[in-house]
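Chemist: First, the structure itself, so that you have it in front of you.
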Amino acid sequence: TSEDVEIRRAAAREWTRWEMATSRLFPDPEYLDKAEDLDFAVAFARIECHYFINAIFVEEAYILNRTSIIEQIPTIIVQGRYDVVCPAKSAWELHKALPKSNLTIVADAGHSMGEVSIARELVDATDSL
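Residues in the sequence shown are numbered from 6 upward in steps of one, following this note's numbering.
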(Lines of atoms letter the chains of each structure in order from A; the text may use other names.)
(Lines give C-alpha, C1' and ligand atoms only; values in the text may rest on other atoms or scores of the structure.)
Protein backbone atom coordinates (compact mmCIF):
# COMPACT_ATOMS: atom_id res chain seq x y z
CA THR A 6 0.00 0.00 0.00
CA SER A 7 3.03 2.26 -0.04
CA GLU A 8 3.04 5.28 -2.32
CA ASP A 9 6.59 4.30 -3.33
CA VAL A 10 6.54 1.93 -6.32
CA GLU A 11 9.89 0.38 -5.39
CA ILE A 12 8.72 -0.42 -1.86
CA ARG A 13 5.52 -1.98 -3.25
CA ARG A 14 7.52 -4.09 -5.71
CA ALA A 15 9.98 -5.24 -3.06
CA ALA A 16 7.14 -6.16 -0.70
CA ALA A 17 5.32 -8.03 -3.49
CA ARG A 18 8.48 -9.93 -4.40
CA GLU A 19 9.05 -10.98 -0.77
CA TRP A 20 5.39 -11.91 -0.31
CA THR A 21 5.51 -14.07 -3.44
CA ARG A 22 8.81 -15.68 -2.42
CA TRP A 23 7.33 -16.58 0.97
CA GLU A 24 4.17 -18.05 -0.53
CA MET A 25 6.10 -20.08 -3.08
CA ALA A 26 8.65 -21.28 -0.54
CA THR A 27 5.99 -22.47 1.90
CA SER A 28 3.63 -24.08 -0.62
CA ARG A 29 5.88 -27.03 -1.42
CA LEU A 30 7.68 -29.51 0.78
CA PHE A 31 10.76 -29.37 -1.46
CA PRO A 32 11.06 -25.86 -2.93
CA ASP A 33 11.75 -25.80 -6.65
CA PRO A 34 14.32 -23.10 -7.53
CA GLU A 35 12.74 -22.61 -10.96
CA TYR A 36 9.34 -22.12 -9.33
CA LEU A 37 10.82 -19.69 -6.80
CA ASP A 38 12.35 -17.67 -9.64
CA LYS A 39 8.83 -16.61 -10.67
CA ALA A 40 8.93 -14.19 -7.75
CA GLU A 41 11.66 -12.26 -9.57
CA ASP A 42 9.20 -11.40 -12.34
CA LEU A 43 7.89 -8.19 -10.80
CA ASP A 44 4.74 -8.10 -12.92
CA PHE A 45 3.88 -11.61 -11.73
CA ALA A 46 4.87 -10.89 -8.11
CA VAL A 47 2.82 -7.69 -7.90
CA ALA A 48 -0.26 -9.33 -9.43
CA PHE A 49 0.10 -12.44 -7.23
CA ALA A 50 0.56 -10.44 -4.02
CA ARG A 51 -2.25 -8.00 -4.80
CA ILE A 52 -4.74 -10.78 -5.51
CA GLU A 53 -3.81 -12.71 -2.37
CA CYS A 54 -3.87 -9.61 -0.18
CA HIS A 55 -7.26 -8.61 -1.59
CA TYR A 56 -8.69 -12.01 -0.71
CA PHE A 57 -7.09 -12.15 2.74
CA ILE A 58 -8.19 -8.63 3.67
CA ASN A 59 -11.74 -9.69 2.75
CA ALA A 60 -11.60 -13.01 4.65
CA ILE A 61 -11.65 -14.90 1.32
CA PHE A 62 -15.18 -13.50 0.78
CA VAL A 63 -16.83 -16.24 2.86
CA GLU A 64 -17.71 -16.63 6.50
CA GLU A 65 -15.42 -18.69 8.70
CA ALA A 66 -16.06 -22.46 8.46
CA TYR A 67 -18.37 -21.88 5.49
CA ILE A 68 -18.05 -25.43 4.11
CA LEU A 69 -18.01 -27.13 7.52
CA ASN A 70 -21.22 -25.34 8.43
CA ARG A 71 -22.93 -26.65 5.28
CA THR A 72 -21.77 -30.25 4.99
CA SER A 73 -25.35 -31.50 5.12
CA ILE A 74 -25.86 -29.95 1.68
CA ILE A 75 -22.99 -31.92 0.12
CA GLU A 76 -22.88 -35.11 2.18
CA GLN A 77 -24.40 -37.18 -0.67
CA ILE A 78 -21.74 -36.01 -3.17
CA PRO A 79 -18.72 -38.33 -3.48
CA THR A 80 -15.93 -36.43 -1.76
CA ILE A 81 -12.23 -37.12 -1.95
CA ILE A 82 -9.95 -34.97 0.18
CA VAL A 83 -6.26 -34.86 -0.73
CA GLN A 84 -3.99 -33.27 1.88
CA GLY A 85 -0.23 -32.85 1.95
CA ARG A 86 1.26 -34.10 5.23
CA TYR A 87 3.55 -31.08 5.45
CA ASP A 88 1.09 -28.45 4.23
CA VAL A 89 1.78 -25.28 6.23
CA VAL A 90 -0.68 -23.21 4.16
CA CYS A 91 -3.77 -25.30 5.01
CA PRO A 92 -2.88 -27.53 7.97
CA ALA A 93 -4.00 -31.16 7.96
CA LYS A 94 -6.37 -30.37 10.83
CA SER A 95 -8.66 -28.65 8.32
CA ALA A 96 -8.81 -31.71 6.08
CA TRP A 97 -9.39 -33.98 9.09
CA GLU A 98 -12.27 -31.81 10.36
CA LEU A 99 -13.89 -31.86 6.91
CA HIS A 100 -13.45 -35.62 6.69
CA LYS A 101 -15.08 -36.09 10.12
CA ALA A 102 -17.99 -33.88 9.03
CA LEU A 103 -18.39 -35.93 5.83
CA PRO A 104 -18.20 -39.55 7.06
CA LYS A 105 -18.55 -40.97 3.53
CA SER A 106 -15.59 -38.95 2.30
CA ASN A 107 -12.21 -40.44 1.50
CA LEU A 108 -9.20 -38.67 3.02
CA THR A 109 -5.75 -39.22 1.59
CA ILE A 110 -2.77 -37.74 3.43
CA VAL A 111 0.14 -37.48 1.00
CA ALA A 112 3.27 -38.31 3.00
CA ASP A 113 5.81 -36.42 0.89
CA ALA A 114 4.00 -33.21 0.01
CA GLY A 115 3.07 -29.76 1.17
CA HIS A 116 0.27 -27.60 -0.22
CA SER A 117 0.86 -27.30 -3.94
CA MET A 118 -0.96 -29.31 -6.58
CA GLY A 119 2.26 -28.83 -8.54
CA GLU A 120 3.99 -31.39 -6.33
CA VAL A 121 4.24 -34.76 -8.06
CA SER A 122 2.62 -36.77 -5.26
CA ILE A 123 -0.29 -34.37 -4.85
CA ALA A 124 -0.86 -34.25 -8.61
CA ARG A 125 -0.83 -38.06 -8.79
CA GLU A 126 -3.41 -38.35 -5.98
CA LEU A 127 -5.63 -35.72 -7.60
CA VAL A 128 -5.53 -37.55 -10.94
CA ASP A 129 -6.26 -40.87 -9.20
CA ALA A 130 -9.15 -39.25 -7.32
CA THR A 131 -10.58 -37.81 -10.53
CA ASP A 132 -10.20 -41.13 -12.34
CA SER A 133 -12.02 -42.92 -9.52
CA LEU A 134 -15.05 -40.70 -10.01
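In this text, a Cβ means the ideal position worked out from N, Cα and C, and glycines have one as well.
What residue does the alpha helix (DSSP H) around Val10 start on, and which one ends it?
Modeler: Against the sequence shown, residue 10 aligns to sequence position 5. Val10 -> alpha helix (DSSP H) spans 10-27.
Chemist: Rounding to the nearest angstrom, what Cα-Cα distance links Arg71 and Ala102 in this structure?
Modeler: The residue labelled residue 71 in the question sits at position 66 within the sequence shown. The residue labelled residue 102 in the question sits at position 97 within the sequence shown. Rounded to the nearest angstrom, the two C-alpha atoms are 10 Å apart.
Chemist: Under 8 Å: do the region 96-111 and the region 74-82 share three or more Cβ pairs, one atom per stretch?
Modeler: The answer is yes - the region 74-82 touches the region 96-111, with three or more Cβ pairs under 8 Å.
Chemist: Could you check the C-alpha separation between Val10 and Ala16 for me, to the nearest Å?
Modeler: For the purposes of this step, residue 10 is taken as the residue at position 5 of the sequence shown. For the purposes of this step, residue 16 is taken as the residue at position 11 of the sequence shown. So the alpha carbons of these two residues sit roughly 10 Å apart.
Chemist: Looking at the strands, I want to know which residues DSSP matches up with Asn59.
Modeler: Counting from 1 along the sequence shown, the entry for residue 59 is found at position 54. Asn59 is not bridged to any residue.
Chemist: If I measure Cβ to Cβ from Glu120 and keep anything under 6 Å in the same chain, skipping five residues before and after, which residues do I get?
Modeler: Here residue 120 refers to the residue found at position 115 of the sequence shown. Around Glu120: Arg29, Ala114.
Chemist: Based on Cα-Cα distance, which residue from Ala124, His116, Ala130, His100 lies nearest to Glu24?
Modeler: Translated into positions along the sequence shown, residue 24 becomes position 19. Answer by Cα proximity: His116.
Chemist: Would you mind working out which of Trp20, Val90, Ser7 sits nearest Met118, comparing C-alpha positions?
Modeler: Position 113 of the sequence shown, counting from 1, holds the residue named residue 118. It is Val90.
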